[in-house]
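Residue numbers (this note's numbering): 28 to 256. Report on one structure; see the data block that follows.
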């Protein structure tokens with residue numbers, strides 16, 4: 028008991044430091060995710076599945092891809108209600124931060140031409156996306172709205188997460204492509220590399236669990252994540 032009330036604040040400081048690190052990881056990860064997605068847009072060699080849909084809707088509506096990402100994220104989050112999913116801080120933050128960071132990066136990065144620039148830009152975008160995924164998932168503030176949709180469908184239907192993820196992402200890719208979204212070598216390369224990259228960076232950015240059982244912020248389980256915001 029005397030350790031809990033020590034004037035040095037050791038245990039309390041440790042918990043606060045851990046929470047501070049997790050918050051930094053969350054927002055840096057989400058911002059970096061949006062920036063990396065913007066690099067894939069600039070490379071024009073294929074996008075992640077959901078951004079194929081976002082780009083297609085942006086072409087259809089005239090809105091920016093970041094704004095469309097926010098709108099779609101909010102709509103998907105509403106689907107959590109009948110699925111009885113509970114959002115966390117990371118879930119709500121994901122809806123806004125990724126889209127804002129994507130539009131900001133697109134505004135800052137000049138248009139590129141030629142494969143000599145576009146291919147390295149694509150590879151950089153995929154690598155940074157893996158780093159970003161590891162950062163925000165390891166922070167354990169809840170899954171992204173799209174991941175929560177897949178896990179919610181898994182719970183309600185009894186089907187595997189892999190099947191639900193495949194079904195949902197095939198649907199969004201086909202719809203996005205039909206609306207004008209970009210599919211290419213980047214889409215394929217992203218699909219085969221994001222899992223290993225995210226697992227690698229999950230280990231790099233893992234935050235040790237609190238020893239005092241603090242529940243200041245509800246934590247998710249990184250190992251249960253399906254690696255998409």
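Where a beta carbon is used, it is the ideal one built from N, C-alpha and C, also for glycine. None of the values given here were measured: they were computed from a predicted structure.
- The C-beta separation of residue 79 from residue 203 comes to about 3 angstroms, placing the pair in contact by the 8 angstroms criterion.
- The segment 195-215 and the segment 69-85 touch, with no fewer than 3 CB-CB distances between them shorter than 8 angstroms.
- Taking the Cα of residue 183 as reference, the smallest distance to any Cα among 46, 111, 144, 210 is reached at 111.
- DSSP places residue 81 inside the alpha helix (DSSP H), whose first and last residues are 76-88.
- Under a 10 Å Cβ-count criterion, residue 57 is classified as buried, with 16 or more other Cβ atoms of the shown protein chains found around its own Cβ.
- Nearest C-alpha to residue 63 among 124, 233, 198, 174: 124.
- Secondary structure at residue 232: coil, using DSSP grouped into helix, strand and coil.
- For residue 181, the uninterrupted alpha helix (DSSP H) run begins and ends at 172-184, by DSSP.
- In the structure shown, the three-state DSSP call for residue 64 is helix.
- Between the segment 163-175 and the segment 38-54, the count of C-beta pairs closer than 8 angstroms reaches three or more; the two stretches touch.
- Shortest Cα-Cα distance from residue 154 to any of 234, 54, 76, 227 involves 227.
- Annotated three-state conformation of residue 134 is helix, per DSSP.
- The Cβ atoms of residue 94 and residue 126 sit closer than 8 angstroms to each other.
- Here the alpha carbons of residue 143 and residue 108 stand approximately 46 angstroms from one another.
- In the three-state reduction of the DSSP assignment, residue 114 falls in the coil class.
- For residue 168, there is no enclosing alpha helix (DSSP H), since its DSSP letter is neither H nor E.
- With respect to the 8 angstroms criterion, residue 224 and residue 152 are not classified as neighbours on the basis of their beta carbons.
- Approximately 4 angstroms separates the beta-carbon atoms of residue 70 and residue 148; this is inside 8 angstroms, confirming the contact.
- In the same chain as residue 128, and ignoring 5 residues on each side of it, the C-beta atoms closer than 8 angstroms to its own belong to 57, 58, 59, 60, 61, 62, 65, 93, in chain order.
- In the three-state scheme derived from DSSP, where H, G and I count as helix and E and B as strand, residue 41 is classed as helix.
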